[in-house]
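Which chain is which? The protein sequence lines are H and F, in order.
Each residue of the first sequence is one higher than the one before, starting from 1 at the first, in the UniProt record's numbering.
Each residue of the second sequence is one higher than the one before, starting from 1 at the first, in the UniProt record's numbering.
Take a look at the structure set out below.
2 protein chains.
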Amino acid sequence: MTSSYATTDSRLPAYVRLRDTLTARIGAGDWTPDQPIPSEARLAAEFDVSVGTVRKAVDGLVDEGLLERRQGSGTFVRAPSFNATLFRFFAIRESDGARPSIPSSNVILRSIAKAPKEAADALGTDSTIKIVRLRSLSDQPVLSEEIYIPTSRFAGFEQLPDAAFGPLLYPVYFERFGVMVKRAVDEVSFGQASEAIAKQLGINMNDPLAVIRRTAFDVEGKPVEWRIASGSATGFRYRSEIN
Amino acid sequence: MTSSYATTDSRLPAYVRLRDTLTARIGAGDWTPDQPIPSEARLAAEFDVSVGTVRKAVDGLVDEGLLERRQGSGTFVRAPSFNATLFRFFAIRESDGARPSIPSSNVILRSIAKAPKEAADALGTDSTIKIVRLRSLSDQPVLSEEIYIPTSRFAGFEQLPDAAFGPLLYPVYFERFGVMVKRAVDEVSFGQASEAIAKQLGINMNDPLAVIRRTAFDVEGKPVEWRIASGSATGFRYRSEIN
DNA sequence: TAGTGGTCTAGACCACCCC
DNA sequence: GGGTGGTCTAGACCACTAA
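Rendered as structure tokens:
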């Protein structure tokens, strides 16, 4: 086969169609992050467009963060890059010297469970696997998380050995289930600690809480995860740049 | 004169030098938002580069939000666009029907004042004008603001007639002082209401507070304003997208 | 209809990386 | 030295806007 333009056929500009086709290939896992994708000249030949048009398509994907150019070496898929840790909402407030503060994760529960309404609305299904985690910085509990992922995309997740989990979940999604998280929407609000959460975080009941609700999406824009995370409002600090 | 390349001369790529030159002209107010800037062909001739190079320079400024293309009409400076209202941190939580909730501003104080350390550090000077505002949504006080702007850029600001102020400050900066805010950094944290702020916002002392600290920058990246704003944490809600 | 940006081409040469 | 992306050119034709 030569091109096999994906779903997106119409009379869109060539660079848009090419961009969509490349997105589909990345999403399908045709290319891995350690090997360069075909060179611009090769892609131009394959899709019968000029190199300039390939550049414009690739430029778009680089802006989106899906691809990465390395002069002299080639263009690569950017796999885990995704620096969206919820820790970014909590300042490192070590009183004494600059310790690196190692993040760690403690998976408390994994089981098949019906998603609560909010999660089901976001995911489009209530057939999910529920994960409860406690996340710490330098052995201090910082975040309590409740996570829901659809069974349709993550069959068998609840049976994975504990050893399969590092501090990050998204690499597991990618390596074990081929699900690449590309985009996430976080919604921050303010609340009070329930007894259970207070206990987990080592604070008092009714203490102020920062609550973050996240919906994560894959390359095709389909929701693949919903979570709600709580941390002490005292440690909350978030920077937002507006242009 | 023909080119008058601004500060940025070296052996940088042509499109970067051109972009910097255009940025300087925009910052200097050479072009106004209601008139198109010179056409791509004209700029190419003036700076002795190809149209493709002009396009790449303009592309960058469009991405930055400084310029706006209108096919068939031309390319325009994007003046006030800047949708960075602090209200975006506070959800409209009207109990009854969808009222439009009109934002309003109440300037309580304007005077020459020595900036507190935090503001002085951000602005690089403690010679400032202090502004205190109370901002409301549908007549409900939502935000209490304390603002510092350097006297060097805003001489005479404290003597402006009250009538000069609408609900927004940045248009005043631009129209009266030629200062265009291009970028701002907001830092959100949680705190407790002092007696004064509680009174302003109609809440109780020690009630939870969302505190936003902002530093705003002009087109050249120089800091032009520092402010601290407080609102009830109960109404706080913020959406953040990560890619 | 004239002028603008939007797309696209087919080259050129340079800077960089790796073998 | 051969291949890659990075910059740049000088055109072409199209889509849109406004006089």
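Beta carbons are placed, not taken as given, at the ideal position from N, Cα and C, and that holds for glycine.
Check, Outcome
"Beta carbon proximity, E94 (chain F) to chain H, threshold 8 Å", "Note on E94 (chain F): pLDDT 46, under 50, position unreliable in the model; the coordinate value appears next. No - not a single Cβ of chain H is within 8 Å of the one on E94 (chain F)."
"Where E145 (chain F) sits in the DSSP three-state scheme", "strand"
"Status (buried if at least 16 other CB within 10 Å, exposed otherwise) for E175 (chain H)", "exposed"
"Three-way DSSP call (helix, strand, coil) for V211 (chain F) in this model", "strand"
"Beta-carbon spacing of A233 (chain H), F89 (chain F) below 8 Å", "no"
"CB of V219 (chain H) within 8 Å of CB of G60 (chain H), strictly", "no"
"is_contact[S136 (chain H), chain F] using C-beta, thresh 8 Å", "no"
"Residues that residue 293 (chain H) bridges to, as DSSP identifies them", "In the structure displayed, chain H extends from 1 to 243; residue 293 (chain H) sits before or after that span and is not available."
"Chain H residues whose Cβ lies nearer than 9 Å to that of Y238 (chain F)", "D186, E187, V188, S189, Y238 and S240"
"Interface residues of chain H facing R183 (chain F) [CB-CB closer than 8 Å]", "E241, I242 and N243"
"Beta-carbon neighbours of A233 (chain F), restricted to chain H and to distances below 8 Å", "F190, P208 and A233"
"Other residues of its chain near I108 (chain H): CB distance less than 7 Å, five sequence neighbours each side excluded", "V132, R133 and L134"
"Spatial distance of L169 (chain H) from E146 (chain H) (CA atoms)", "13 Å"
"Proximity test, Cβ basis, 8 Å: G65 (chain H) and chain F", "yes"
"Other residues of its chain near L208 (chain F): CB distance less than 6 Å, five sequence neighbours each side excluded", "A quick correction: the sequence has Pro, not Leu, at residue 208 (chain F). Cβ neighbours of P208 (chain F) beyond the five flanking positions: A233."
"CA-to-CA distance, V179 (chain H) to P116 (chain F), given in whole angstroms", "50 Å"
"Below-8 Å beta-carbon distance, A84 (chain F) vs any chain H residue", "yes"
"Three-way DSSP call (helix, strand, coil) for F217 (chain F) in this model", "strand"
"Range of the contiguous alpha helix (DSSP H) that encloses V51 (chain F)", "V51 to E64"
"For L160 (chain F), the nearest candidate out of F:V172, F:I37 and F:I212 (CA to CA)", "F:V172"
"Local conformation of R176 (chain F) per DSSP, three classes", "helix"
"Bounding residues of the beta strand (DSSP E) (the contiguous stretch that carries F190 (chain F))", "V181 to Q192"
"Residues bridged to K114 (chain F) [DSSP beta-bridge criterion]", "F:S127"
"CA-to-CA distance, V77 (chain H) to P103 (chain H), given in whole angstroms", "26 Å"
"N- and C-terminal bounds of the beta strand (DSSP E) containing I242 (chain F)", "R237 to I242"
"Sequence-distant residues of the same chain with beta carbon closer than 7 Å to R19 (chain H), five excluded per side", "A57, G60 and L61"
"Length of the line joining the Cα atoms of A41 (chain H) and V51 (chain H)", "6 Å"
"Whole-Å CB distance - L67 (chain F) paired with P141 (chain F), under 8 Å assumed", "So it is not a contact: roughly 38 Å between Cβ atoms."
"Residues bridged to W226 (chain H) (per DSSP)", "H:Y148 and H:T215"
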